[in-house]
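Written out below as structure tokens is the structure these notes cover.
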Amino acid sequence: MAKTLIHGLTQNELTDSCAQLDLPKYRAPQIWRWLYVQRVNDWDSMKNLPSALRAELAERFLLDSAVPLSKQGEPDDTCKILVGLHDEEQIEEVLISAPGRRTVCISTQVGCRFHCAFCASGQHGFRRNLDAGEMVGQVLLAAHTFSDKLTNVVFMGMGEPLDNYDATLKAVRILNNKDGLNIGARRITISTCGVIPPIERLATEGLQVELSVSLHAPNDELRSQLMPVNRKYPLADLLKACKAYFAATKRIITFEYTLIQGVNDRPQHAKELAKLLSHLPSRVNLIPLSPVEEFAGQSSPQEAAEVFMNTLEQAGINATLRRSKGSSLKAACGQLRFQRSSDSAVPADE
Ligand code: SAH
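2 is the number of the first residue of the sequence shown in this note's numbering; add one for each residue after it.
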């Protein structure tokens with residue numbers, strides 16, 4: 002029997018598993034606290050459990066859901082961790098510190114099915130979904146690595162979170178648990194390339210998580226070139242789903258827009274974008290394009306980016322121009338990719 006990742010169990014599931022093992026009622030809360038309050042990463046540290054029970058748990062459950070293989074950069078600035086999974090697959094996660102904020106950007110899939118032209122994660126296809134425990138494991142690893150308390154989690158690493166819906170939502174609930182990590186839903190962001198059915202489903206969950214939608218183009222022709230997902234879920238339908246999401250949750254959606262020189266960064270594009278978003282409370286996050294080997298596009302010059310932002314603002318759209326963090330580590334948006342164990346990690350001094 003394959004072992005279950007213990008970090009992939011909700012509190013209720015852990016309680017049920019303990020009941021199946023005929024354990025006294027107080028055991029599940031004890032184990033939960035070891036996992037998420039003391040956050041130990043070996044069974045033997047769970048001092049108030051009898052050693053026979055620790056051995057039994059070790060037989061049934063895996064505790065090593067995300068193992069750090071190498072680390073580049075500094076946790077108090079930007080740092081990328083190469084993470085090993087139990088089946089030898091590898092993913093990357095990024096830790097970003099800013100004043101008052103320590104954010105981890107986690108992956109939800111090994112590879113990605115969506116093949117956005119400018120993104121490294123999907124260039125070599127899709128390998129598998131992550132288990133909720135592997136997502137929670139990435140957060141625990143970040144919490145251990147930061148020198149201060151972790152404050153935010155963004156599901157913006159490799160993969161499409163809404164293409165791995167159940168595991169993603171389960172991870173959100175585990176992170177959110179008041180007796181555990183207690184990361185508030187408003188400090189958790191799910192980013193999607195725009196798959197509509199799960200956006201509709203997310204609207205019904207009664208969760209206060211932040212939703213980010215990767216837009217990157219203001220019309221179908223351009224968006225379908227950059228993001229093949231648009232051929233199936235074109236902009237009018239996507240925006241309709243976003244409006245319904247706002248109506249149901251009252252959460253303002255952030256639209257991510259990567260500025261690519263000469264492709265989607267002209268004032269005309271900004272005007273078109275403002276028109277598209279005019280009936281929806283929203284904010285636009287403008288991101289400089291991070292260089293990706295397989296994509297020939299260049300990041301927009303600062304001046305064009307500022308003109309773009311001002312054009313949006315003048316049209317009444319709330320926009321921010323984000324400074325890209327981590328591109329020297331290949332840890333910026335869209336630069337995460339899976340590596341085989343035979344590939345060496347990018348050297349720390351690159
Ligand atoms: N699949 C999800 C989350 C992963 S990508 C999504 O598409 O939203 C996280 C963000 O990085 C998305 O907004 C994505 O479009 C953006 N991104 C991808 N490649 C990029 C690149 N080369 N430069 C800047 N942003 C990029």
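For each residue, glycine too, the CB sits at the ideal point set by N, CA and C.
> Roughly how many angstroms separate the alpha carbons of LEU227 and CYS243, rounded to a whole number?
Replying inline: Position 226 of the sequence shown, counted from the first residue, corresponds to residue 227. Position 242 of the sequence shown, counted from the first residue, corresponds to residue 243. Approximately 20 Å between the Cα atoms of the pair.
>> Just checking PHE256 against the ligand HEM - is the residue's beta carbon closer than 6 Å to any of the ligand's heavy atoms?
In response: Ligands displayed in this structure: the ligand SAH; the ligand HEM is not among them.
>> I'd like to know whether the C-beta atoms of GLN12 and TRP33 end up nearer to each other than 7 Å.
In response: In the sequence shown, counting from the first residue as 1, residue 12 sits at position 11. In the sequence shown, counting from the first residue as 1, residue 33 sits at position 32. Yes, Cβ-Cβ distance for GLN12 and TRP33 is below 7 Å.
> Which residue's Cα is closest to the Cα of THR193: VAL137, ARG267, PHE256 and ASN153?
Replying inline: Looking up residue 193 in the sequence shown gives position 192. Distances from the CA of THR193 to each of VAL137, ARG267, PHE256 and ASN153 were compared; the closest alpha carbon is that of PHE256.
> If you drop the 5 nearest sequence neighbours on each side, which residues of the same chain put their C-beta closer than 6 Å to that of GLN262?
Replying inline: For the purposes of this step, residue 262 is taken as residue 261 along the sequence shown, with counting starting at 1. So the list reads GLN299 and SER301, once near-sequence residues are dropped.
> Excluding sequence positions up to five away, which residues of its chain have a Cβ less than 7 Å from the Cβ of HIS116?
Replying inline: Taking the sequence shown and counting its residues from 1, one reaches residue 116 at position 115. Within the same chain, HIS116 has close Cβ partners GLY123 and PRO229.
> So does CYS120 have its beta carbon nearer than 6 Å to some heavy atom of the ligand SAH?
Replying inline: Residue mapping note: residue 120 aligns to position 119 of the sequence shown, counting from 1. Under cutoff, so the answer is yes.
> Does DSSP classify GLY134 as helix, strand or coil?
Replying inline: Along the sequence shown, one-based indexing puts residue 134 at 133. Helix, per DSSP.
> For LEU290, is the beta carbon positioned less than 6 Å from some heavy atom of the ligand SAH?
Replying inline: As a first step, residue 290 is located in the sequence shown; it is residue number 289 there, counting from the start. Yes, the Cβ of LEU290 comes within 6 Å of a heavy atom of the ligand SAH.
> GLU211: which of GLN91, HIS145 and LEU170 sits nearest, CA to CA?
Replying inline: Here residue 211 corresponds to residue number 210 of the sequence shown, with the count starting at 1. Nearest C-alpha to GLU211: LEU170.
> Within 10 angstroms of its Cβ, does GLY335 collect 16 or more other Cβ (buried), or is it exposed?
Replying inline: Taking the first residue of the sequence shown as position 1, residue 335 is located at position 334. It is buried - the Cβ of GLY335 has at least 16 other Cβ atoms within 10 Å.
> DSSP on VAL230, reduced to helix/strand/coil?
Replying inline: On the sequence shown, position 229 is the one that residue 230 refers to. The answer is helix: DSSP assigns VAL230 an H, G or I state.
> Terminal residues of the continuous beta strand (DSSP E) containing ARG122?
Replying inline: Position 121 of the sequence shown holds residue 122. According to the sequence shown, residue 122 is Ser rather than Arg. Per DSSP, SER122 belongs to no beta strand (DSSP E) and is neither H nor E.
> Can you round the beta-carbon distance between GLY158 and GLU60 to whole angstroms, since I take them to be within the 8 Å contact cut?
Replying inline: In the sequence shown, counting from the first residue as 1, residue 158 sits at position 157. In the sequence shown, counting from the first residue as 1, residue 60 sits at position 59. About 31 Å separates the two Cβ atoms, so there is no contact after all.
> Can you give the beta carbon distance from ALA1 to GLY9, rounded, assuming they're within the 8 Å contact cut?
Replying inline: Nothing can be reported for residue 1: it is not among the residues displayed for the chain, which extend from 2 to 351.
>> Suppose the cutoff is 7 Å on Cβ atoms and the five residues either side in sequence are ignored; what does the same chain contact list for LEU15 look like?
In response: By one-based count along the sequence shown, residue 15 stands at place 14. Taken in chain order, the residues that qualify are ALA29, ILE32 and TRP33.
> Counting along the chain, where does the beta strand (DSSP E) carrying ALA56 start and finish?
Replying inline: For the purposes of this step, residue 56 is identified with residue 55 of the sequence shown, where counting begins at 1. Unbroken run through ALA56 is the alpha helix (DSSP H), 52-61; no beta strand (DSSP E).
>> Distance cutoff 7 Å, beta carbons only. Does ILE253 sit that close to anything in chain C?
In response: Structure shown: chain C not included; a single protein chain is present.
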